[in-house]
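Numbering (the numbering used here), first residue to last: 529 to 977.
A virtual CB, placed ideally from N, CA and C, is assigned to each residue, including glycine.
Here the structure is a predicted model, which means the values were calculated and not measured.
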Amino acid sequence: MLKIKEYEQSEMILYTMEDLVPEESLFRKIDKYIDFTFIYEEVKDLYCTTNGRNCVDPVVLFKLVFIQTIDGLKSMRKTCEKIKVDAEYRWFLGIPFGKKTPHYSTFSQNYIRRFAGTEVFEKIFVNIVEQAIKHNLVKGETFFTDSTHKKANANKNKYHNEIVKEVKKRREWLENEINEERVRQNKKEFEYEDEIEEKEIKVSDTDNESGYYHRDNKEKGFMYLDHRTVDSKCNIIVDCHVTKGNVHDSVPYISRLEYIKKTFGFKIKEVGIDSGYDTIDIKKYLHDNNIYGVIAYRRYAKAETTIKKSKFKYIKESDCYICPETGAILEYTGRIDRNGYKFYSSKENCNNCPEKNGCCNKKDFRVITRHICEDLNEEMRERRISARGKELYKQRKEKVERSFADSKNNHAYRYAMYRGIEKNQNYTWLICAAQNMKNIAIKKEKVWG
Numbered sequence: 529m530l531k532i533k534e535y536e537q538s539e540m541i542l543y544t545m546e547d548l549v550p551e552e553s554l555f556r557k558i559d560k561y562i563d564f565t566f567i568y569e570e571v572k573d574l575y576c577t578t579n580g581r582n583c584v585d586p587v588v589l590f591k592l593v594f595i596q597t598i599d600g601l602k603s604m605r606k607t608c609e610k611i612k613v614d615a616e617y618r619w620f621l622g623i624p625f626g627k628k629t630p631h632y633s634t635f636s637q638n639y640i641r642r643f644a645g646t647e648v649f650e651k652i653f654v655n656i657v658e659q660a661i662k663h664n665l666v667k668g669e670t671f672f673t674d675s676t677h678k679k680a681n682a683n684k685n686k687y688h689n690e691i692v693k694e695v696k697k698r699r700e701w702l703e704n705e706i707n708e709e710r711v712r713q714n715k716k717e718f719e720y721e722d723e724i725e726e727k728e729i730k731v732s733d734t735d736n737e738s739g740y741y742h743r744d745n746k747e748k749g750f751m752y753l754d755h756r757t758v759d760s761k762c763n764i765i766v767d768c769h770v771t772k773g774n775v776h777d778s779v780p781y782i783s784r785l786e787y788i789k790k791t792f793g794f795k796i797k798e799v800g801i802d803s804g805y806d807t808i809d810i811k812k813y814l815h816d817n818n819i820y821g822v823i824a825y826r827r828y829a830k831a832e833t834t835i836k837k838s839k840f841k842y843i844k845e846s847d848c849y850i851c852p853e854t855g856a857i858l859e860y861t862g863r864i865d866r867n868g869y870k871f872y873s874s875k876e877n878c879n880n881c882p883e884k885n886g887c888c889n890k891k892d893f894r895v896i897t898r899h900i901c902e903d904l905n906e907e908m909r910e911r912r913i914s915a916r917g918k919e920l921y922k923q924r925k926e927k928v929e930r931s932f933a934d935s936k937n938n939h940a941y942r943y944a945m946y947r948g949i950e951k952n953q954n955y956t957w958l959i960c961a962a963q964n965m966k967n968i969a970i971k972k973e974k975v976w977g
């Protein structure tokens with residue numbers, strides 16, 4: 529039987545806010561396990577307590593951003609529109625029906641007039657990580673780091689070219705080792721000076737603090753990079769550092785590990801990183817700090833010889849190489865170049881070798897080069913191919929790459945809504961704090977729910 533529904537929008541109902549919000553609500557879980565009262569202490573010096581109009585509760589202000597992040601809403605305007613009619617959001621903010629909700633410009637104006645240039649965003653992020661530690665969701669020993677690009681709020685076709693000068697970072701520790709070897713060989717020490725590199729870069733006319741990002745098989749354009757580190761136990765984000773899109777992954781890595789140790793007091797034992805972090809500085813840092821580092825294999829240009837260098841066996845005690853074809857010894861010639869490469873050869877023993885033409889690449893004899901820090905490369909290679917190394921690197925995609933996927937697919941993290949490194953960094957602290965809150969609530973509910 530056809531029955532036409534009678535609409536009853538004007539019907540009076542009697543419910544409390546508690547009745548309207550489902551028990552399984554994610555925001556109920558977050559409110560249950562996250563203590564937000566610390567925010568009052570962090571912002572108290574930014575407010576006047578003796579005069580002026582009553583302000584919007586600072587916890588409510590930051591919860592607006594957390595709501596926007598957790599539900600992946602793309603603007604504060606849209607968030608505030610939904611808060612007006614969403615019982616779940618009102619319950620989380622502590623604003624019952626019948627009371628006005630904040631205007632969408634409220635947070636941005638507070639940011640401009642009160643929060644910009646302060647450390648409150650970082651402190652909120654750090655406190656949420658500390659709460660995760662108290663909930664026993666962070667082990668603090670094994671970490672995974674990677675970077676992801678976020679499209680800047682800038683037109684990729686509106687830019688100008690600039691010539692910039694950069695001082696190439698010197699490795700004084702390596703220079704000292706090279707000169708020590710030169711002294712042992714009774715040769716004159718090299719004199720090293722700062723090298724200034726000039727290069728032409730694209731600078732956005734819209735957001736000049738973003739960087740032009742271009743990598744193989746990836747979209748090109750003006751971007752920001754989020755260099756993120758997560759803990760292995762429950763994927764809690766322990767660091768999120770924003771740079772221009774044209775900054776190499778390896779540049780901030782060591783300083784960020786030091787930041788993590790200093791901020792949380794972790795004793796880092798293991799790290800898993802991809803081939804973008806394959807630099808001698810990072811390898812030395814991991815070795816000196818007794819950190820078991822696993823770095824992905826990095827492909828280099830193919831050698832133009834029939835017998836690869838890897839086929840030659842290195843004898844550490846004698847500091848020489850053994851030819852795989854004739855068993856001839858390629859001795860250290862005593863020559864070391866400015867970059868730290870030592871040269872090994874045996875002119876006499878190459879003459880009668882049947883593989884001479886292919887092995888020597890049409891030269892008179894084969895020359896093998898070995899970096900003065902090659903022991904570090906070999907140590908990292910052994911770790912990479914070990915059982916523990918393979919297991920550790922396999923977890924990388926399940927941890928840090930999954931964290932990025934969650935941010936982009938569920939928390940509207942593909943695009944930068946703001947311009948400038950500082951503002952993007954501040955909002956990234958809050959976005960990652962919200963992601964950690966969600967993670968804490970879900971993990972704790974599984975255990976205690």
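Which residue wins for smallest C-alpha separation from residue i, given the options the options?
{"i": "Lys797", "options": "Pro780, Lys790, Asn817 and Thr807", "result": "Asn817"}
{"i": "Glu919", "options": "Asp777, Gly821 and Asn683", "result": "Gly821"}
{"i": "Lys612", "options": "Leu601, Gln596, Pro630 and Ser603", "result": "Pro630"}
{"i": "Lys925", "options": "Ala824, Lys730 and Tyr752", "result": "Ala824"}
{"i": "Val593", "options": "Ala969, Tyr941, Ile970 and Phe794", "result": "Tyr941"}
{"i": "Tyr543", "options": "Trp619, Lys966 and Lys560", "result": "Trp619"}
{"i": "Glu705", "options": "Glu902, Glu883, Arg642 and Val588", "result": "Glu902"}
{"i": "Ile835", "options": "Cys583, Lys761, Val770 and Pro882", "result": "Pro882"}
{"i": "Tyr955", "options": "Val695, Cys887, His769 and Asp744", "result": "His769"}
{"i": "Glu703", "options": "Glu546, Ile623, Lys966 and Tyr720", "result": "Tyr720"}
{"i": "Lys697", "options": "Thr807, Ile562 and Asp767", "result": "Thr807"}
{"i": "Ile623", "options": "Arg605, Val588 and Arg826", "result": "Val588"}
{"i": "Arg912", "options": "Lys789, Arg826, Lys936 and Tyr946", "result": "Arg826"}
{"i": "His755", "options": "Ile788, Glu747 and Asp744", "result": "Ile788"}
Please work out which residues of its chain come closer than 6 Å, Cβ to Cβ, to residue i, disregarding the five sequence neighbours upstream and downstream, and give them in chain order.
{"i": "Glu570", "result": "Val648 and Lys651"}
{"i": "Thr597", "result": "His939, Ile959 and Ala962"}
{"i": "Asp809", "result": "none"}
{"i": "Glu950", "result": "none"}
{"i": "Tyr872", "result": "Tyr849, Leu858, Tyr860 and Ile896"}
{"i": "Asn877", "result": "Ala856"}
{"i": "Asp555", "result": "Reading off the sequence shown, one finds Phe at residue 555, where the question assumed Asp. Only Glu616 and Phe620 meet the Cβ criterion."}
Thinking residue i and residue j are a contact (beta carbons under 8 Å), I'd like their distance in whole angstroms, please.
{"i": "Ser732", "j": "Phe718", "result": "Actually they do not touch by this definition, with Cβ atoms about 40 Å apart."}
{"i": "Ile864", "j": "Arg710", "result": "6 Å"}
{"i": "Leu621", "j": "Lys591", "result": "6 Å"}
{"i": "Thr734", "j": "Asn683", "result": "6 Å"}
{"i": "Lys927", "j": "Phe625", "result": "With 8 Å as the limit, Lys927 and Phe625 do not qualify as a contact, their Cβ atoms being about 41 Å apart."}
{"i": "Trp957", "j": "Phe643", "result": "In fact, because the Cβ distance is near 11 Å, the residues do not count as touching under 8 Å."}
{"i": "Lys966", "j": "Ile595", "result": "The Cβ separation is near 11 Å, so there is no contact."}
{"i": "Glu726", "j": "Lys693", "result": "5 Å"}
{"i": "Asn889", "j": "Thr854", "result": "Not confirmed; about 17 Å, so no contact."}
{"i": "Leu904", "j": "Lys761", "result": "With 8 Å as the limit, Leu904 and Lys761 do not qualify as a contact, their Cβ atoms being about 29 Å apart."}
Short check: CB of residue i to CB of residue j, under 8 Å?
{"i": "Ile765", "j": "Ser914", "result": "no"}
{"i": "Tyr805", "j": "Asp759", "result": "no"}
{"i": "Asp802", "j": "Asp674", "result": "yes"}
{"i": "His899", "j": "Tyr921", "result": "no"}
{"i": "Tyr632", "j": "Cys608", "result": "yes"}
{"i": "Gly800", "j": "His677", "result": "no"}
{"i": "Arg969", "j": "Tyr752", "result": "For the record, residue 969 in the displayed sequence is Ala; it is not Arg. Cβ atoms of Ala969 and Tyr752: not closer than 8 Å."}
{"i": "Glu728", "j": "Ile782", "result": "no"}
{"i": "His742", "j": "Lys972", "result": "no"}
{"i": "Lys739", "j": "Val779", "result": "The question names Lys, but residue 739 in the sequence shown is Gly. Contact: no."}
{"i": "Phe566", "j": "Asn655", "result": "yes"}
{"i": "Val695", "j": "Ile724", "result": "yes"}
{"i": "Asp767", "j": "Thr757", "result": "yes"}
Give every residue of the same chain whose Cβ lies closer than 8 Å to the Cβ of residue i, excluding the five residues on either side of it in the sequence, and list them in chain order.
{"i": "Lys841", "result": "Tyr849, Ile850 and Pro852"}
{"i": "Lys875", "result": "Asp892 and Phe893"}
{"i": "Glu546", "result": "Trp619"}
{"i": "Val584", "result": "Pro630, Thr634 and Asn638"}
{"i": "Asn707", "result": "Glu717 and Phe718"}
Within the same chain, show all residues whose beta-carbon is closer than 7 Å to that of residue i, passing over the 5 residues directly before and after it, in chain order.
{"i": "Tyr813", "result": "Ile782"}
{"i": "Lys602", "result": "Ala940"}
{"i": "Arg909", "result": "none"}
{"i": "Gly862", "result": "Gln713"}
{"i": "Asn964", "result": "Ile656, Val657, Ala660, Ile764 and Ile765"}
Return the CA-CA distance between residue i and residue j, expressed in angstroms with no decimal places.
{"i": "Phe564", "j": "Pro586", "result": "10 Å"}
{"i": "Thr978", "j": "Asp722", "result": "For residue 978 there is no data in the structure shown, the boundaries of the chain being 529 and 977."}
{"i": "Glu552", "j": "Ser838", "result": "58 Å"}
{"i": "Arg581", "j": "Arg641", "result": "15 Å"}
{"i": "Ser636", "j": "Asn952", "result": "13 Å"}
{"i": "Val657", "j": "Asn681", "result": "29 Å"}
{"i": "Glu906", "j": "His815", "result": "12 Å"}
{"i": "Ser846", "j": "Trp701", "result": "25 Å"}
{"i": "Leu548", "j": "Lys572", "result": "33 Å"}
{"i": "Gly600", "j": "Lys610", "result": "12 Å"}
{"i": "Tyr946", "j": "Lys686", "result": "17 Å"}
{"i": "Glu786", "j": "Pro550", "result": "43 Å"}
{"i": "Ile541", "j": "Asn937", "result": "38 Å"}
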